[in-house]
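Colleague: Sequence positions in the sequence shown follow full-length UniProt numbering and run 1 to 346. A single structure is presented below for examination.
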Amino acid sequence: MNMFMEQPEFIEVDDTLGDKNASQSEHGISISIGTENQERTYHTLNDGKYLLPNDEVREATPPSLVAEAATAKSSDESDGHQRLDTQHQIQKFILDGKLQLSPIPDSFSGNVLDLGTGTGIWATEFASRYPSSTVLGVDLSPINPTFTPPNCSFRNEDYEEEWKYPAPFSLIYGRALVSCLKDPRQTFATAYKHLTPGGWLELNDPIFPFKSQDGSLEEKGKPLLQWSEEAQAGSAKLGRPFADVSKYPAIMEEVGFVNVTQRMIKVPLSDWPKDKRLKEVGAMNMRHMLNTVGALKKIWTAGLGYSAEDADAFMEKVRSVLIDRKVHAFAVITVVYGQKPNEVQS
């Protein structure tokens, strides 16, 4: 059984952990907490549309996490983009190694569009897994993977503007676009227009704010809960409101998609679960979140009016909650996919 795809309603807590916080020796992570005072760089195409930095600041996640997907990359590049690459590995872990849930054949040979491709790790891996496909990744920042399969290419483009692709796609994929879709309906309708009959649109996004099943987040982890709430509020003030992920299925059906399917997956934010696989992905997610907290600092300073010092102090509290095993927090990841109907035979 895939623990993530067939989860129990209540995730059992590992009582053997006691009151111990996560430690560096257990997970090989750096959890030292300092100020986020380095200068960050951001995309220049349509400045301000994406709030995470695109620089290559070294992060805490160990290179072993991205080894599978980065075998052809230099260690420097792997270190530089580990936040996105670690996110990719977490997603593969919870989807049992799958790159998508849309039902495509093993011999898939269609055109694929990856929206907001980031480092290009999903696009390059999909192209390698399906060598007869043709994959295009688009992003606001230039994408320069060290290794790109011959059936994969990239463009520095804004997918919220007019699409000018010469051929339709059999699969359009988007992950972690929750703060990148100002008008989901328009993007979904555009995707529908550019799909072949029978083609699929798939979105994979977290639901905010974070949750806990026993009230521990509200009682003992208020800074983390506040962070997940203020991330939405600050992003909205900067003109990039978080999309209401729960409405994705209805919007997809409204623009014409059929066979719309939604899967909601609980992903622990630290290693508090008793189940071995949930514990493992929780540890991975903790490493990822320890990096993401600081990467989003702009939301608090530019969007919510925090001083740099106050933002740093708040991020320190959030990181302290992330390593506190008494806080049984989780994120809900929603995977939604739908199909463009096959043409009606006359």
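Glycine is no exception: its CB is placed at the ideal position from the N, C-alpha and C atoms. Remember, it's a predicted structure, so these values are computed and weren't measured experimentally.
1. Comparing alpha-carbon positions, which option in VAL112, ASN204, LYS222 and GLU229 lies nearest LEU304?
2. Considering only residues of the same chain and omitting the five flanking positions on each side of PHE126, which have a CB-CB separation below 6 Å?
3. Inspect the beta-carbon positions of GLY199 and LEU115 and report whether they are closer than 9 Å.
4. What does a CB cutoff of less than 6 Å around GLU9 pick up in its chain, not counting 5 residues either side in sequence?
5. If VAL335 sits next to ARG263, beta carbons under 8 Å apart, how far is it from one beta carbon to the other, in whole angstroms?
6. Give me the Cα-Cα distance between ARG254 and CYS180, rounded to the nearest whole angstrom.
7. Three or more C-beta pairs under 8 Å: does that hold for the region 241-250 against the region 315-329?
8. By DSSP, does ILE299 sit in helix, in strand, or in coil?
9. Thinking ASN111 and PHE169 are a contact (beta carbons under 8 Å), I'd like their distance in whole angstroms, please.
10. Does the Cβ-Cβ distance between ALA329 and SER216 come in under 9 Å?
11. From PHE208, PHE188 and VAL267, pick the residue whose C-alpha is nearest to that of PHE257; which is it?
12. Can you give the Cα-Cα distance for ALA167 and ASP15, rounded to whole angstroms?
13. Buried or exposed, going by whether 16 or more other CB atoms sit within 10 Å of the CB of TYR306?
14. Between the C-alpha atoms of PHE93 and VAL267, what's the straight-line distance to the nearest angstrom?
15. With 9 Å as the threshold, decide whether the Cβ of ASN342 is near any Cβ in chain D.
16. When you compare each of TRP272, GLY120, SER109 and SER102 to GLN82 by their alpha carbons, which one comes out closest?
17. Whole angstroms is fine: what's the gap from HIS288's alpha carbon to ASN156's?
18. Output the distance between the C-alpha atoms of PRO223 and PHE208, rounded to the nearest integer angstrom.
19. Buried or exposed: where does THR124 fall if 16 or more other Cβ atoms within 10 Å of its Cβ makes it buried?
20. Since THR86 is in the beta strand (DSSP E), which residue starts that stretch and which ends it?
21. Just checking my contact of LEU290 with LEU322 at CB under 8 Å: how many whole Å lie between their CB atoms?
22. Tell me which residue opens and which closes the beta strand (DSSP E) that THR134 is part of.
23. Mind checking whether TYR337 and GLU161 have CB atoms under 9 Å apart?
Modeller: So, from the listed chains and residues:
1. GLU229
2. LEU99 and VAL135
3. no
4. none
5. 5 Å
6. Sequence inspection shows Glu at residue 254; the Arg mentioned does not correspond to that position. For GLU254 and CYS180, the distance between alpha carbons rounds to 21 Å.
7. no
8. helix
9. 5 Å
10. For the 9 Å CB-CB criterion, ALA329 and SER216 form a contact.
11. It is PHE188.
12. Rounded to whole angstroms, ALA167 to ASP15 spans 55 Å at the Cα level.
13. buried
14. Their Cα atoms are separated by approximately 10 Å.
15. Looking for chain D here will not work: only one protein chain is present.
16. GLY120
17. 26 Å
18. 14 Å
19. buried
20. For THR86, there is no enclosing beta strand (DSSP E); the residue is part of the alpha helix (DSSP H) that begins and ends at 82-94.
21. 6 Å
22. 134-139
23. no
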